[in-house]
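Top to bottom, those sequences are chains A and B. Just so you know, we're using our numbering here: the first sequence kicks off at 1034 and counts up by one. Just so you know, we're using our numbering here: the second sequence kicks off at 56 and counts up by one. Notes follow the structure.
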Amino acid sequence: MDYAITTAGPTTVSELLASSGVAADGLKAVWVSLPAAVLAVPGDFDREVEVAEGTVLRTYDKTSCMADALLNIVQELRLATECTCTFGHEGAFQMAMILSDICSKKGKPGDIALMRDLAPAMAVHATCDEGRAMGRAVMQTLDSFGDEIEAHIAKKACPAGSCRAFQTYHILVSKCIGCGKCLDACDDDAILGKPKFVHVVVQKNCVQCNKCLEVCPEGAVVTAGAEKPKTPPKPIPCKCR
Amino acid sequence: MKLTIDGREVEAPEGQSVLNAALAAGIFVPHLCGHPDLEPLGGCGLCMVEVEGADDPVRACKTLARDGMKVATNGDRADKLRRLAMELILATHPADCTGCPKYGVCELQSMYQYMGVSPQRWRCKGRTVSTDDSNPLITHMFTRCIRCGRCVRACEGLRGVGAIGFRRAEDGSMRVAINGNSLEEAGCRFCGACIEVCPTGSILDMVGLVQEGRSREDNIVPCRSGCPARIDIPRYLRYIEAGEWEKATAVVREKVPFPETLGAICTHDCQGACKRNHLYEPLSICRLKHAAAIRDTGAWKSRVRHEPISGKKVAVVGAGPGGLTAALYLAEKGHKVTVFEANAKVGGQMRYGIPAYRLPDEIVDREVATILEISQGADPEPRIELVVNERVKDVKALLGQGYDAVLVTVGTFQGNVLPMKGHDLENVYVNTEFLKAVREGNPQPVEGGRVVVLGGGNVAYDCARTAVRLGAKSVDVACLEAEDIMTSTPEEREEAAEEGVVLHDAYAFTSINDDGAGKVGSMTIHKIERFYFDEDHRAVTELVEGGELTLPADYVIFGVGQKPEDTMGFGLELTHGPYIVVDGTCQTSEPGIFAAGDVVTGTKSVIAAIAQGRDAASAIDRYLGGDGDISAELLDPEEPSPELGKAPAEFFKSQTLPAFAPAEERKNTFEPFECPFTEDEAQFEASRCLKCDLRLKITRPRLWNEY
């Protein structure tokens, strides 16, 4: 969630949360945009931050993916500056490409190391505030949420369950009537089934095209992030009707 | 003040950056966005160095040198950052260097090879920008752009134009773009500074501008290289723009002694080479020279070279533009010169070939008088003696008559006659004799008659337009070439057509027909499909069937070229018939006898003869023991302002035209029909100059291997 800050000057993350009417409980991180450009985590909310009119307070809870969050921060900062220095402009471009790859399941094993290499150079040597803020944001996010981001690459999973590329499709036993519409709609042979049998998604073939979900008249196709519904490994006779 | 760079003590003036201090001391520090003539930007990040006492490496270009500072250019931390920066730059730059016109001279290529860096570990993704060749003269290939911003700083900071700037592209990245729909709309001056400073192949001269085998300087300032005498055209156009006529003429005078003559009749190859041929017509360079010459005050005269008398004597045979030019420069070098002229007056083709309506006697008289005046200077005796009505038949004999060297500049005064049927009829004339007779005040009669001129060059047109002025009833021009390949200038044909001259292009000459009384009665020509030269260099014509045409005619004038007279008897080695063979120093087969101009090159132009005259003077001076230096500095060198400012709308106009006498008026008189530019016209026309030479003033960054 974003909250617009209307005050200016030094303050703390806690005060900003309070003045915005946000409870600190359940937050996993808070981003305070420029001039602070700070990503704070619980336990660190009393740190002093500098805000100005137009500063945005952004909160993240357990459903927020921090890889995606960082990608957004980088993109916003990138579009906010017209600076063309190598560390800022090209650094931001690389950060955005790497993070966007990570969020779309195309991350590579060395990506975290690349970002760790680049971020400090940006934080010090980018010539504009936005460029340096990007470097700091990447360093802070990797320090606090390195494992979560790493999971996208190493475990091919988005722990928060929010990155669309990592979402899985499932057909609920409780709702499927075995009508076969999803089977016909799938172009990738990713659904098994026959009339009056509960259909089953073959995860390794699924490309997350969303067509099955769109055609199902019963709302039996669902997507899942971190927690997956229980489904049979093979089609079984329908229970309903 | 003193600082230490890599353990070496280096002297630096106040306010100098660490980068420039290092480079000046011969210590190479990689850099790309930095350019000697531009404000530092601190963008590329390649010039990272470590300064003792500082936490982090710093950009050398943005760090001022301080007294006692200790700088290390090769520390690990700086090196790591520098390599990282280069990797990031290369990650979005196209990888195919070999296809780039800058291959081998590219600063980026040189720099990454020096650093040995590859972008492989990063996301390598070029930013595709399609090539923009929609603008004249300047081609944009921004897909190669590395955002160093040199072009933007050059255009804005150096030139004060600001035609290009950074703009955000659709993918969110910043890119260089035109500040408008086209360079013209953006007020571009087309000076080429952006091309000059671009370290990659992103901004380039339009294809075709850079010609192989021509020096960089000549490619950048083609007008100057187009001039046989290499007059510094951009320099004098700048003075004309400022209304400083005498300075402009002094610049012209540094290379040629006939500014006004050339202003009136030069073949102006410079204009053919002018880059503005691609942008609303070339500058009217020739007319501008004229405009300056007529406003000259002669202030330059005091600065003419005047070396002590050498005691050597030179004979010049033929007082045309080449001979007189050589005479002047030889006299300036201290030699006594005698110029022999077969005709009653000096000037050669300027006097007897070119009609008076293009070049009146007074101009030639005036410029010859100036030559005599400046060569004599304060001497009691003239250094140049003109001997007219003296046809020299034996040039070798002159060496035995007290002359230490002889220069043959007899030109080409014998008109060609084609051996066709009827060529020997009465009332068949030849170009050289016809034109000369008019200048001598004793024209061959054509009044009231029908005249056919054979030939399509400027001399043929001189004959045709002269015939018009002599009162011919009709004048037709017939030539072998189709109009688009005729050697006469289009303006010449246009003006002649206005005066009633009818052109029959692409016709072979069949015969001149007898009127039954031994005189010309008609001229038969035949339309041709095409003509070419076979492997034996013989002309082959393909006739159009039934394309015969007979023009009633009372007079036929051959205007098909001319060749040297007298040379057959000189005893010198000849080529292609009567042309004199010379070596690289203008010397003929006979030691001490030199030759120059049309008699060597074949019929060319006044400016080419002048250029040859200069070469010959220099060569003869060396032959006589001198240094051969005939260069002149007739005005103080100046430093032109690099600033141009945004181009106003009128910058994008075609050539300014002077006032002309209308055809009906001018066809009855030998008075010049073209009015020289007014001051306003000249200053405006000169302001259209692209000032291509300013680009040569931009410092060329040294590559690492030059340190």
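In this text, a Cβ means the ideal position worked out from N, Cα and C, and glycines have one as well. In this text, all values refer to a predicted model and were calculated from it rather than measured experimentally.
Can you have a look at residue i and say buried or exposed, based on whether 16 or more other CB atoms are within 10 angstroms of its CB?
{"i": "B/His-345", "result": "buried"}
{"i": "B/Asn-723", "result": "exposed"}
{"i": "B/Ile-364", "result": "exposed"}
{"i": "B/Glu-267", "result": "exposed"}
{"i": "B/Phe-197", "result": "buried"}
{"i": "B/Glu-495", "result": "exposed"}
{"i": "B/Asp-416", "result": "exposed"}
{"i": "B/Ser-270", "result": "exposed"}
{"i": "B/Thr-183", "result": "exposed"}
{"i": "A/Ser-1097", "result": "buried"}
{"i": "B/Thr-186", "result": "exposed"}
{"i": "B/Tyr-762", "result": "exposed"}
{"i": "A/Arg-1080", "result": "exposed"}
Quick one: list the residues of chain A neighbouring residue i, beta-carbon separation under 7 Å, in chain order.
{"i": "B/Phe-221", "result": "Glu-1115, Thr-1117"}
{"i": "B/Ala-218", "result": "Those do not exist, as B/Ala-218 stays about 18 Å from chain A at its closest Cβ, beyond 7 Å."}
{"i": "B/Gly-130", "result": "In chain order: nothing, as chain A lies at least about 15 Å away."}
{"i": "B/Ala-140", "result": "Thr-1119, Phe-1120"}
So which residues of chain B does residue i contact, with C-beta pairs closer than 9 Å?
{"i": "A/Thr-1060", "result": "Position check: residue 1060 of chain A holds Leu in this sequence, whereas Thr was assumed. Within 9 Å Cβ-Cβ: nothing; A/Leu-1060 doesn't reach chain B, min ~29 Å."}
Beta-carbon separation of residue i and residue j under 8 Å?
{"i": "B/Val-419", "j": "B/Val-392", "result": "no"}
{"i": "B/Phe-245", "j": "B/Ile-295", "result": "no"}
{"i": "A/His-1123", "j": "B/Ile-258", "result": "A quick correction: the sequence has Glu, not His, at residue 1123 of chain A. Cβ distance not < 8 Å, so A/Glu-1123 and B/Ile-258 don't count as in contact."}
{"i": "B/Ala-663", "j": "B/Cys-641", "result": "no"}
{"i": "A/Thr-1100", "j": "A/Ile-1135", "result": "In the sequence under discussion, the amino acid at residue 1100 of chain A is Ala, which differs from the Thr named in the question. Their beta carbons are under 8 Å apart, which means A/Ala-1100 touches A/Ile-1135 by this criterion."}
{"i": "B/Lys-117", "j": "B/Thr-59", "result": "no"}
{"i": "B/Ile-320", "j": "B/Val-599", "result": "no"}
{"i": "B/Glu-740", "j": "B/Leu-317", "result": "no"}
{"i": "A/Arg-1111", "j": "A/Ala-1102", "result": "no"}
{"i": "B/Ser-577", "j": "B/Ala-608", "result": "yes"}
{"i": "B/Ser-430", "j": "B/Glu-488", "result": "no"}
{"i": "B/Ala-492", "j": "B/Val-508", "result": "no"}
{"i": "B/Pro-410", "j": "B/Phe-725", "result": "yes"}
{"i": "B/Ala-374", "j": "B/Val-401", "result": "yes"}
{"i": "A/Phe-1199", "j": "A/Met-1155", "result": "no"}
{"i": "A/Thr-1039", "j": "A/Glu-1086", "result": "yes"}
{"i": "B/Tyr-412", "j": "B/Arg-548", "result": "no"}
{"i": "B/Val-530", "j": "B/Val-514", "result": "no"}
{"i": "B/Gly-97", "j": "B/Arg-114", "result": "yes"}
{"i": "A/Val-1084", "j": "A/Ala-1073", "result": "no"}
{"i": "B/Ile-635", "j": "B/Val-655", "result": "yes"}
Determine the chain A residues that contact residue i at a beta-carbon separation under 9 Å, and present them in chain order.
{"i": "B/Gly-159", "result": "None at all; the shortest Cβ gap to chain A is about 24 Å."}
{"i": "B/Gly-227", "result": "Gln-1108, Arg-1111, Leu-1112, Ala-1125, Phe-1126, Ala-1129"}
{"i": "B/Gly-212", "result": "The contacting residues do not exist; B/Gly-212 stays about 16 Å from chain A at best."}
Which chain B residues sit within Cβ distance under 8 Å of residue i?
{"i": "A/Gly-1143", "result": "Arg-176"}
{"i": "A/Leu-1175", "result": "Going along chain B, no residue has its Cβ under 8 Å from A/Leu-1175, so there is no contact; the nearest lies around 17 Å."}
{"i": "A/Leu-1147", "result": "Arg-176, Trp-177"}
Taking 7 Å as the cut-off, is the C-beta of residue i nearer than that to any heavy atom in the ligand GDP?
{"i": "B/Gly-504", "result": "For the ligand GDP, the structure offers nothing, since it holds no ligand at all."}
Please compile the residues from chain B whose C-beta is within a distance smaller than 7 Å of the C-beta of residue i.
{"i": "A/Ala-1154", "result": "Leu-136, Leu-139"}
Which residues in chain A have a C-beta closer than 8 Å to the C-beta of residue i? List them in chain order.
{"i": "B/Ile-144", "result": "Thr-1119, Glu-1123"}
{"i": "B/Thr-147", "result": "Glu-1123, Phe-1126"}
Checklist entry - Using 8 Å as the Cβ pair cut-off and three pairs as the minimum, do the region 574-586 of chain B and the region 444-456 of chain B touch? => result no
Checklist entry - In chain order, what residues of the region 1098-1114 of chain A put their CB closer than 8 Å to some CB of chain B? => result Gln-1108, Arg-1111, Leu-1112
Checklist entry - Taking contact to mean at least 3 C-beta pairs separated by less than 8 Å, is the region 667-687 of chain B in contact with the region 456-472 of chain B? => result yes
Checklist entry - Relative to chain A, which residues along the region 169-187 of chain B have a C-beta separation below 8 Å, given in chain order? => result Arg-176, Trp-177, Arg-178, Lys-180
Item to check | Interface residues of the region 659-684 of chain B facing chain A [CB-CB below 9 Å] | outcome: none
Next on the checklist: Please list, in chain order, the residues of the region 87-111 of chain B that have any C-beta partner in chain A closer than 7 Å.
Outcome noted: Gly-97, Gly-98, Cys-99, Gly-100, Asp-111
Checklist entry - Closer than 8 Å, Cβ to any Cβ of chain A: which residues of the region 229-244 of chain B, in chain order? => result Met-229
Checklist entry - Is the region 1222-1232 of chain A close to the region 63-76 of chain B, with three or more CB pairs under 8 Å? => result no
Checklist entry - At a Cβ cut of 8 Å, what residues of the region 1158-1171 of chain A count as close to chain B, listed as they run along the chain? => result His-1158, Thr-1160
Checklist entry - So does the region 745-762 of chain B actually touch the region 684-700 of chain B, counting three or more Cβ pairs closer than 8 Å? => result yes
Checklist entry - Any residues in the region 1240-1259 of chain A with a beta carbon nearer than 7 Å to a beta carbon of chain B? Which ones, in chain order? => result none
Checklist entry - Taking any Cβ of chain A, which residues in the region 197-211 of chain B have a Cβ under 7 Å from it, in chain order? => result Arg-202, Gly-204
Checklist entry - When the Cβ atoms of the region 217-234 of chain B are set against those of the region 155-165 of chain B, are three or more pairs found closer than 8 Å? => result no
Item to check | Meets three-Cβ-pair contact criterion under 8 Å: the region 348-356 of chain B and the region 373-390 of chain B | outcome: no
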